[in-house]
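Structure first, then comments.
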Amino acid sequence: MKTHFKPMFTACMLGIAISAIACQNNSIKAVQTDDQKQDTSKFLTQPLISDIYTADPSAHVFEGKIYIYPSHDIEAGTPENDNGDHFDMRDYHILSMDSINGKVTNHGVALDIKDIPWAGRQLWAPDAAYKNGTYYLYFPVKDKNDVFRIGVATSKTPTGPFKAEPQPIKGSFSIDPAVFTDDDGSSYMYFGGIWGGQLQRWKDGKYDANGSKTDSQKEDEPALTAKIAKLSDDMLSFAEPVKDVVILDKEGKPLLTKDHDRRFFEGAWMHKYNGKYYFTYSTGDTHFLASAVGDNPYGPFTYQGTFMEPVQGWTTHHSIVEVKGKWYIFYHDTQLSGKTHLRNIKVTELTHHADGTLGLIKPLKK
Numbered sequence: 008m009k010t011h012f013k014p015m016f017t018a019c020m021l022g023i024a025i026s027a028i029a030c031q032n033n034s035i036k037a038v039q040t041d042d043q044k045q046d047t048s049k050f051l052t053q054p055l056i057s058d059i060y061t062a063d064p065s066a067h068v069f070e071g072k073i074y075i076y077p078s079h080d081i082e083a084g085t086p087e088n089d090n091g092d093h094f095d096m097r098d099y100h101i102l103s104m105d106s107i108n109g110k111v112t113n114h115g116v117a118l119d120i121k122d123i124p125w126a127g128r129q130l131w132a133p134d135a136a137y138k139n140g141t142y143y144l145y146f147p148v149k150d151k152n153d154v155f156r157i158g159v160a161t162s163k164t165p166t167g168p169f170k171a172e173p174q175p176i177k178g179s180f181s182i183d184p185a186v187f188t189d190d191d192g193s194s195y196m197y198f199g200g201i202w203g204g205q206l207q208r209w210k211d212g213k214y215d216a217n218g219s220k221t222d223s224q225k226e227d228e229p230a231l232t233a234k235i236a237k238l239s240d241d242m243l244s245f246a247e248p249v250k251d252v253v254i255l256d257k258e259g260k261p262l263l264t265k266d267h268d269r270r271f272f273e274g275a276w277m278h279k280y281n282g283k284y285y286f287t288y289s290t291g292d293t294h295f296l297a298s299a300v301g302d303n304p305y306g307p308f309t310y311q312g313t314f315m316e317p318v319q320g321w322t323t324h325h326s327i328v329e330v331k332g333k334w335y336i337f338y339h340d341t342q343l344s345g346k347t348h349l350r351n352i353k354v355t356e357l358t359h360h361a362d363g364t365l366g367l368i369k370p371l372k373k
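In structure tokens form, the structure reads like this:
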């Protein structure tokens with residue numbers, strides 16, 4: 008491995024200092040001095056919301072309105088470690104916007120960990136979907152044995168509250184569910200994340216509590232990668248066995264474990280543009296967002312390059328959505344707090360090039 012979490016966290020925690028933070032009921036308001044506010048000029052965009060910390064924004068357009076399903080970061084007091092235990096989130100707030108750059112409404116708690124019967128700890132990055140009059144919230148959380156599983160909750164409104172199913176989705180594991188619905192109405196879930204996301208502990212099909220803490224540790228073999236499964240018609244279960252999302256280089260060879268600048272780490276997303284399927288993801292410890300393009304939802308996908316440079320902060324997690332004929336990427340950084348586990352969500356426009364690549368986004372001005 009090139010690096011480990013702790014040194015990177017320490018380096019990336021250097022950011023805008025917060026002069027005062029008021030914490031009450033897991034709601035955190037950042038207050039900055041006039042001098043500190045001047046530092047915002049180095050960022051490409053500004054936070055969409057500042058009354059709570061938010062991350063991992065999953066954006067969708069439902070009935071002509073933008074809804075954002077983010078993680079809700081809190082200062083839980085959980086010690087920092089390489090497994091990401093300090094990302095100790097306990098509920099989800101849903102946000103909405105009538106338009107890009109419009110007013111953001113915080114609709115409050117949509118799902119609390121205490122209302123998920125099988126949950127243990129750590130509500131990480133969610134996603135949402137809609138079908139046949141029902142809204143679905145997909146979420147990863149560690150079960151009572153400290154193993155990440157993926158659950159689903161339902162509501163008749165996009166803002167919830169959502170009611171969780173009594174058990175996780177059978178056959179699910181790891182983190183970062185992302186649900187894509189194709190033009191024919193078929194829906195697919197992409198998921199997985201190495202290191203703290205535990206994907207490497209499932210390499211033989213069963214969870215190994217004593218498995219690797221990082222990746223496969225086989226540097227010259229194909230890298231561990233995201234998973235995909237078609238969802239059932241009721242959107243509550245997998246309709247097929249889980250498959251690998253294969254990412255190939257331009258020569259048709261799988262990306263290798265040692266290729267940290269290109270291989271999958273976490274944060275999968277799928278969108279369709281001009282008949283092509285764009286699989287986008289985070290490279291994790293090298294902090295890039297990368298894209299790969301295929302001809303169907305399963306792939307294989309051919310690596311196209313980096314489309315977002317590193318943000319301020321350790322993690323990079325995004326979603327891509329079309330709004331009124333333009334494409335946008337929602338992402339996060341640590342502008343408000345300077346702390347890797349207290350993030351804030353942002354949005355900027357995304358460009359598609361004719362050659363299949365995405366326009367490079369520089370979240371920090373040089």
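Residue numbering for the sequence shown follows the numbering used here, beginning at 8 and increasing consecutively.
Ideal placement from N, C-alpha and C gives every residue a C-beta, glycine not left out.
*Are the beta-carbon atoms belonging to L144 and A135 less than 8 Å from one another?*
yes
*To the nearest angstrom, how far is it from the Cα of G71 to the Cα of K331?*
9 Å
*Since H79 sits in a beta bridge, which residues does DSSP pair it with?*
T61
_DSSP state of A24 mapped onto helix, strand, coil_ = Caution applies to A24, whose pLDDT of 32 falls short of 50 and renders its modelled position unreliable; the value that the coordinates give is listed next. DSSP places A24 in coil when its eight states are reduced to three.
*Under three-state DSSP, which class holds Q319?*
coil
*Please name the residue or residues paired with M96 in a DSSP beta bridge.*
DSSP output for M96 lists no bridge partner at all.
*Which word fits C30, buried or exposed, when buried means at least 16 other C-beta atoms lie within 10 angstroms of its C-beta?*
Residue confidence for C30 is low, a pLDDT of 36 falling below 50, so the modelled location carries little weight; the figure read from the coordinates is stated next. Exposed, since its Cβ has fewer than 16 Cβ neighbours within 10 Å.
*Give a yes or no on whether the C-beta atoms belonging to H325 and F308 are separated by under 8 Å.*
For the 8 Å CB-CB criterion, H325 and F308 do not form a contact.
*Opposite N393 in the DSSP bridges: which residues?*
Within the shown structure, residues of the chain are numbered from 8 to 373, placing residue 393 beyond reach of any answer.
*In this structure, does DSSP put R156 in helix, strand or coil?*
strand
_Less than 8 Å between C-beta atoms, sequence neighbours within five positions excluded: which residues of the same chain meet that for A275?_
D183, A185, Y197, F198, G199, A233, V252, F286, T287 and Y288
*Secondary structure at W428, three-state DSSP: helix, strand or coil?*
Since the first residue shown for the chain is 8 and the last is 373, residue 428 is missing from the structure and cannot be characterised.
*asked:* Check for me: the beta strand (DSSP E) holding L144 runs from which residue to which?
replied: Looking at the DSSP string, the run of the beta strand (DSSP E) that includes L144 is T141 to D150.
*Neighbourhood of P165 by C-beta distance below 6 Å, restricted to the same chain and skipping five residues each side*: If the five residues before and after P165 are omitted, its C-beta is found closer than 6 Å to the C-beta atoms of F69, Y74 and Y142, all from its own chain and listed in chain order.
*CA-to-CA distance, G212 to H348, given in whole angstroms*: 31 Å
*Can you tell me whether DSSP reads K121 as helix, strand or coil?*
helix
*Could you name the residues that DSSP lists as bridge partners for V116?*
DSSP lists H100 as the beta-bridge partner residues of V116.
*How about the stretch 257-277 and the stretch 295-314: do they share at least three Cβ pairs that are nearer than 8 Å?*
yes
*Looking at the unbroken beta strand (DSSP E) that takes in G301, where does it start and where does it end?*
L296 to G301
*asked:* Less than 6 Å between C-beta atoms, sequence neighbours within five positions excluded: which residues of the same chain meet that for D63?
replied: P77, S78, A132 and H324
*Determine the DSSP secondary structure at S219, reduced to helix, strand or coil.*
coil
*Which two residues bound the contiguous beta strand (DSSP E) that contains Y305?*
Segment: none, Y305 is in no beta strand (DSSP E) and carries neither H nor E.
*Excluding five sequence neighbours on each side, which residues of the same chain lie with their C-beta closer than 6 Å to the C-beta of D302?*
Answer for D302: no residue qualifies.
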